[in-house]
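Take the sequence shown: its position 91, counted from the start at 1, is 91 in full-length UniProt numbering, and no numbers get skipped.
Below: one structure, written as structure tokens.
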Amino acid sequence: MVSNLDGPPIIAAEVEYALKKMKSGKAPGFDNISTKIIKVIEFIFRETSKYHGLNIGSREFNNIRYADDTVLLTENAEDLQLLAEAVNKHSNDAGLEMNVKKTKTVVITEFPPKVTSIKIKGESIEQVSSFKYLGQEVNDSNNLDD
């Protein structure tokens, strides 16, 4: 999950740059994901589309997905908490479970990042300074260089 607290909005050019820098066109890991699972994931995110996200260009996005690899995007911790709870609820309703141990938050900002306290099922989600998404490192300073 990515939140842009107290920093400038992420612009479309930054997203395009990050997508172009990806090492490969597919998600790492085992690729035999059932089309039924992909349809369920699509349903979950259709149900959560009303939650606030980041304004990129003239559109608002609250997630980026490739197969089952997902990043949640919000402007602040409160919206991230609401979105994460909604994704968890709709996942549970569909028979899926959010893996809290594998879920992380990163606060992207030009300033020293604030500590967030996002919880799912009463468990705190670890805040990290960076993570890899589809082969590209995303970090808390929004530095896209290798």
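Where a beta carbon is used, it is the ideal one built from N, C-alpha and C, also for glycine.
Please read all numbers here as calculations on a predicted model, not as lab measurements.
Span of the alpha helix (DSSP H) around residue i
i, result
"I37", "T35 to E47"
"E137", "Not the alpha helix (DSSP H): E137 falls in the beta strand (DSSP E), residues Q136 to N139."
Integer Cβ distance of residue i from residue j, believed to fall under 8 Å
i, j, result
"I108", "N142", "5 Å"
Rounded straight-line distance, which links the Cα of residue j to that of residue i
i, j, result
"F45", "S129", "26 Å"
"V87", "T48", "7 Å"
"Q127", "V100", "12 Å"
Three-state secondary structure (DSSP) of residue i
i, result
"N63", "strand"
"D93", "helix"
"N88", "helix"
CA nearest to the CA of residue i, picked from the options
i, options, result
"E78", "T35, R59, V115 and N139", "V115"
"P112", "N99, D140, V100 and Q136", "D140"
"K102", "L83, H90, E110 and E123", "E123"
"L134", "N55, E110 and R65", "R65"
"K132", "L54, R59, T70 and I56", "T70"
"A84", "S58, N55 and S117", "S117"
Beta strand (DSSP E) segment containing residue i, residue limits
i, result
"T74", "D69 to T74"
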